[in-house]
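To keep things clear, I will list the structure first and then write my remarks on it.
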Amino acid sequence: MFGFLTPIALSGLALLSVPILLHIFKPRKVRQTPFSSLRWLRASQHRMSRRIKWHQVLLLMLRASLVVLLVLALAKPIISFGDAAGTRSMRFVVLDISRSMDYQPRRGPRPLDAGKQVAEQLVRQVNAGDRTTVILAGRRPQLLGPLVGDANAYLTPMQAAKAEPGDSDLGGALRMIQPLVATEAEPDSHVDLYIVTDNHVRNWSQADITRFVSRTDLPVRVHVVDVGAETVENAWIADARLAETAQPARREVRVRISPDTSWENGTSPVERTVRLSGLDGIAEQKAKVLIVPGRFANVAFELPVDYDLAGQVARLALEPGDALAGDDVHHLNLDKAGATRVLLIAPTPTAVPELRPDYHLVKALEALGDASPGTLAVTRVDPHEILAEPIAASDVIILAEVPRLPDSTRQAIEQRVAAGGSAIIFVGPSIDEAHYNAKMHDPLRPTTCLLPVPLGDRSAAGARIAQVRWRHPIFAALSDPVHSDLGQVRFERYFRMAWPEAATDTVLAAAGDTVPAIIERRLGDGRVLVMNMTPNDAWTDLPRRPSYIVMLDRMVTYLTGGTARNTFALGEVVRITLPEDATDAPVTVRTPAGTALNVASMPAGTRRIVQIEGLTEPGVYDVRYAGSGGTGRFPIVVQAGGGESVMVPADVQTLGAWWEPANFNVIRPDARTGRVELKVERMLLEPWLIVAACAVLLAEMFFVHWLCPKMNPAVVSASIVARQGFLKNDAAGREAGT
18 MFGFLTPIAL
28 SGLALLSVPI
38 LLHIFKPRKV
48 RQTPFSSLRW
58 LRASQHRMSR
68 RIKWHQVLLL
78 MLRASLVVLL
88 VLALAKPIIS
98 FGDAAGTRSM
108 RFVVLDISRS
118 MDYQPRRGPR
128 PLDAGKQVAE
138 QLVRQVNAGD
148 RTTVILAGRR
158 PQLLGPLVGD
168 ANAYLTPMQA
178 AKAEPGDSDL
188 GGALRMIQPL
198 VATEAEPDSH
208 VDLYIVTDNH
218 VRNWSQADIT
228 RFVSRTDLPV
238 RVHVVDVGAE
248 TVENAWIADA
258 RLAETAQPAR
268 REVRVRISPD
278 TSWENGTSPV
288 ERTVRLSGLD
298 GIAEQKAKVL
308 IVPGRFANVA
318 FELPVDYDLA
328 GQVARLALEP
338 GDALAGDDVH
348 HLNLDKAGAT
358 RVLLIAPTPT
368 AVPELRPDYH
378 LVKALEALGD
388 ASPGTLAVTR
398 VDPHEILAEP
408 IAASDVIILA
418 EVPRLPDSTR
428 QAIEQRVAAG
438 GSAIIFVGPS
448 IDEAHYNAKM
458 HDPLRPTTCL
468 LPVPLGDRSA
478 AGARIAQVRW
488 RHPIFAALSD
498 PVHSDLGQVR
508 FERYFRMAWP
518 EAATDTVLAA
528 AGDTVPAIIE
538 RRLGDGRVLV
548 MNMTPNDAWT
558 DLPRRPSYIV
568 MLDRMVTYLT
578 GGTARNTFAL
588 GEVVRITLPE
598 DATDAPVTVR
608 TPAGTALNVA
618 SMPAGTRRIV
628 QIEGLTEPGV
638 YDVRYAGSGG
648 TGRFPIVVQA
658 GGGESVMVPA
668 DVQTLGAWWE
678 PANFNVIRPD
688 ARTGRVELKV
698 ERMLLEPWLI
708 VAACAVLLAE
718 MFFVHWLCPK
728 MNPAVVSASI
738 VARQGFLKND
748 AAGREAGT
């Protein structure tokens, strides 16, 4: 198959008119030279004229050939043969630029450096008829340009890309590719995805893969180029919280350090230091910690009981820094710290605790409270006894298979969530589906109610948990298939629910392939988690698994961030609720680097809020506002996130099953050269055309000098003078022998 990488360059063939016009309209000026007498000179002008004609034609052809060769070289013609002949490919080179790609192994380059080398090779090695583009997959995927035959222009911005500090998702790149495939597909073409990544579990989302494959009509070939380090040794600060106890009166900051579970079993424990700093009036504190592969390590720093926490943010650092230094610093916002207040709303159908629907949930919350005393305050109430006051004072509200809710209670929960609280809704066999579909999911306001989608029929068909978003903060610590059993959870029953379509709703896990199991909804400043399962083991075996307590802990920690603690994840939309005395004057937000951002506040009920997008720097931000009593200030924290720290390799067979029926393979670059072996059956004609153009240029210069009478007059006159002389008498004398 023959084609051009840059066919637009063929428009340069219009330059062929330049040498033609020069030869046609070349000015012919005759210079008159005075001479005494010309009648005795032999006429030789006819012979010169004939010679100039074919000389000019030859020069015209050489000059036109030079222009054609140069234009064709710029168009970069290419010939494909073998299996590549007659096929057209839409090639998408996706380069992962997440934080884990910045990992520095003991030997060899960083995954990001190796990935750039491989991506450059993929961009350069194309076949005739192929079109290529490059996507940088960070927090938000970035398309470097449209599909083109020659994508070398994308190499400069690709080489300049740096690893981003926050968590990223390759599923975002797939969502970007989908419309490009639908709008720019050509007949008899196919899609080639080259995904250059360190290939960790948290990179992938089964839901995004399934959606991409099911909605793409063209044949898809997926090539995952794994540039990740073979062994990983990384530890990070997974969590930090403030614990307060009344008897004895005590206050301390508790830090949990997590080692990457992909460490080899033979790796010896490593001693590190945790440093607490950044608190006014309190000296820095240090604590030694022994990090053992596969085990969490805990450190506690004691604070004075009467210490004023207003405006204070503790900086926790793990020293010395390791191969992935971006997760060795954690900020704990103490300005709004304290015990997490959980309100558990559950019916009491029997006096036997073991038979209540919330039995497993209560035991899990008790285990979390015992593990970290002073960090969790749980209050259990009956649905008919609940009042608005405890709802407004709660951080997390859990509905454990509540049959019905009074309208006043439901409205109070919605208001608390919209103001920055959170809710977890468990369903089950005892709930009233009609009440949930009419009240909890209000068809008149589908985006501002608690339930994202209505409940369908009850299914008795078993299903396994699937399409888990492992990169999500709730599941990041549970993504290891060896040390976590979350991927083995089975559902015996569930409600058939449609997939939510609102932008504020996200399916975090599914029962099977089509039914949502866990849905996250953004409601105002808060979040709602809808669990399509019972809080006990009646419909699922999750409460009997060890991962249940860990997942519940991550759910509570995740939900109590945001407005509740003024702690946000990097890349998400930051919504800040200002104090009641705040005016409508502009709010100044100073970044960790000291840059001042002026943002406008908006009314939200009786309070004012500030919404900020695009915060790309982790750390402590200082918020200053104008109040009725003067200028006020408070800190907010933007964390880098911990999803990129869990560098557990993805299982190749599982990935292949997710990508079916697409053609799927995993490629490892050569350990010595860093290159990948690609089956490229092609020949670039550009070098040969440049050589031919140089040869034509040399020939044109030679013939101009040799044939042109003005450049080399001896060529024209030497033979006539030698044979006949200048005068007629000279020629007659030679014929007579005189």
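All the letters of the sequence shown, read from the start, carry residue numbers 18 to 755 under the working numbering. Glycine included, each C-beta is placed from N, C-alpha and C at the ideal position.
Check	Outcome
N-terminal and C-terminal residue of the beta strand (DSSP E) that D209 is part of	206-214
Residues that DSSP places opposite K305 in a beta bridge	T290
Close beta carbons around D424, own chain, < 8 Å, minus the five adjacent residues each side	K456
I408 and R433 closer than 7 Å at C-beta	yes
Limits of the beta strand (DSSP E) - the one that R148 falls within	148-154
Through-space distance from V524 to D234, alpha-carbon basis	24 Å
N-terminal and C-terminal residue of the beta strand (DSSP E) that G649 is part of	647-656
Cutoff 6 Å; reference L569; Cβ partners in own chain excluding five residues on either side	A381
Residue environment, Y575, which counts as buried when at least 16 other CB atoms sit within 10 Å	buried
Within the stretch 365-396, ranges of the alpha helix (DSSP H) (whole runs, at least 4 residues)	376-388
Buried/exposed call for S222, threshold 16 Cβ in 10 Å	buried
As assigned by DSSP and simplified to three states, the class of E281	Interpretation of E281 is limited by its pLDDT of 49, a score under 50 that renders its predicted location unreliable; no figure is taken from the coordinates.
Buried or exposed by the 16-neighbour rule on C-beta atoms within 10 Å, applied to V604	buried
Residues that DSSP places opposite D570 in a beta bridge	According to DSSP, which records beta bridges pairwise, D570 is partnered with nothing at all.
Option in L672, P390, R592 with minimal Cα separation from P265	P390
Alpha-carbon spacing of P652 relative to G146, whole angstroms	55 Å
Beta-carbon contacts of Q138 that lie in its chain and below 7 Å, excluding the five residues immediately before and after	R692, V693
Three-way DSSP call (helix, strand, coil) for Q329 in this model	coil
Cβ contact (3+ pairs, closer than 8 Å) linking the stretch 363-373 and the stretch 332-345	no
Limits of the beta strand (DSSP E) - the one that W675 falls within	Here W675 belongs to no beta strand (DSSP E); instead the alpha helix (DSSP H) covers 669-676.
Classification of A93 by the beta-carbon crowding that lies within 10 angstroms, buried from 16 upward	For clarity, residue 93 is Lys in the given sequence; the question names Ala instead. K93 is buried by the Cβ-count criterion.
Residues bridged to F585 (per DSSP)	V655
Beta-carbon contacts of R108 that lie in its chain and below 6 Å, excluding the five residues immediately before and after	D147, T149, D209
Backbone CA spacing between S34 and L715 [nearest angstrom]	21 Å
Touch test, the stretch 108-117 against the stretch 646-663, Cβ-Cβ under 8 Å, three pairs minimum	yes
Nearest-angstrom Cα separation, counted from D215 out to D130	11 Å
Same chain, Cβ closer than 7 Å to F512, neighbours up to 5 away in sequence not counted	V444, L472, G473, R475, N549
Spatial neighbours of I37 in its chain, beta-carbon cut-off 8 Å, leaving aside the 5 residues before and after	L77, A81
Contact set for L161: own chain, Cβ-Cβ below 6 Å, skip 5 residues either direction	V151, Y171, P174
DSSP three-state assignment for T600, whether helix, strand or coil	coil
Closest Cα partner of V590 within the set G578, V606, G631	G631
V272 and V291 closer than 7 Å at C-beta	yes
Endpoints, the beta strand (DSSP E) within which R141 is located	From DSSP, R141 is part of no beta strand (DSSP E) but of the alpha helix (DSSP H) over 128-141.
Among A494, R488, Q428, nearest to R571 - alpha-carbon criterion	A494
Residue of V379, T633, F720 minimising C-alpha distance to V654	T633
Inter-stretch contact at 8 Å, needing at least 3 Cβ pairs: the stretch 663-682 / the stretch 633-642	no
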